[in-house]
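>
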Amino acid sequence: MVDINWRTSLWQQYGAAIDTLKDAIELCPDHLWTMVLWNDPDDVRYGEFWFVAYHTLFWLDLFLTVSPEGFAPPPPFIRGSLPEQPYTKEQILVYLSDCRSRCQATIEALTEEQAQQRCVFEWMEPSFLELQMYGMRHVQEHAAHLGLVLGQQGVTGFDWVASARNSA
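Numbering-wise (my numbering), the sequence shown opens with residue 426 and increments by one.
1. Using the beta-carbon count (16 or more within 10 Å), is Val477 buried or exposed?
2. On a Cα-Cα basis, can you pick out the residue from Pro493, Leu535, Arg470 that is closest to Glu509?
3. If the criterion is Cβ atoms closer than 8 Å, does the pair Leu518 and Ile443 meet it?
4. By alpha-carbon positions, which one of Gly505, Gly576, Tyr559 ends up nearest to Tyr439?
5. Which residues bound the alpha helix (DSSP H) around Met558?
6. Starting from His480 and walking both ways along the alpha helix (DSSP H), at which residues does that stretch end?
7. Pull up the DSSP beta-bridge partners for Met549, would you.
8. Less than 8 Å between the beta carbons of Val586 and Ala441, yes or no?
9. Would you list the residues sitting across from Val461 in a DSSP beta bridge?
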């Protein structure tokens, strides 16, 4: 059997997904920040660029906490409702930086016992390790979506991130 440090491998790829999201957010020009990417039947703002970025970070943050019970994102973010004004790019980037640091620390300190801990959500009951892989896929999906939209709008510079950057 190959002896690898699975924590390092997991972080390198999770960090790459987060760094890809960061690139999309940083590349988004102000005039596209509130662009509607799709029409959400509940509220058009759920389909705006800024909200997709926030939504991605909200779930990343929640998935690092094991359980949705009692979870609340840090101020100024609100759980369960839209803010009166879109969150700013700066607010989203601070949240991203905090989530990235927390994700790295969580993965690097993860024990076998913690990795196997069951996490209960309405739609699934994965182990904590599986939840992190699920979360990584979620981050990458939305990062790629935002990058595609930027490219369609003529924004250049969005590129593949192979592994977590040393500093972000």
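Backbone N, C-alpha and C fix where the C-beta goes; we use that ideal spot for every residue, glycine too.
Reading off the structure:
1. As a first step, residue 477 is located in the sequence shown; it is residue number 52 there, counting from the start. That one is buried.
2. Here the question's residue 509 lines up with position 84 in the sequence shown. Comparing Cα positions, the closest option is Arg470.
3. Sequence index remark: in the sequence shown, residue 518 carries index 93 (1-based). Sequence index remark: in the sequence shown, residue 443 carries index 18 (1-based). No; because the gap between Cβ atoms is not below 8 Å, this pair is not in contact.
4. Start at 1 with the first residue of the sequence shown, and residue 439 comes out as number 14. Per the Cα distances, Tyr559.
5. Counted from its first residue, the sequence shown places residue 558 at position 133. Residues 553 to 577.
6. Numbered from its first residue, the sequence shown carries residue 480 at position 55. It spans 474 to 488 - the alpha helix (DSSP H) in which His480 sits, taken as one unbroken run.
7. Translated into the one-based positions of the sequence shown, residue 549 becomes position 124. Answer is Phe546, bridged to Met549.
8. Within the sequence shown, residue 586 is the residue found at index 161, counting from 1. Within the sequence shown, residue 441 is the residue found at index 16, counting from 1. Cβ distance < 8 Å, so Val586 and Ala441 count as in contact.
9. For this step, residue 461 is matched to residue 36 along the sequence shown. Paired residue(s): Glu473.
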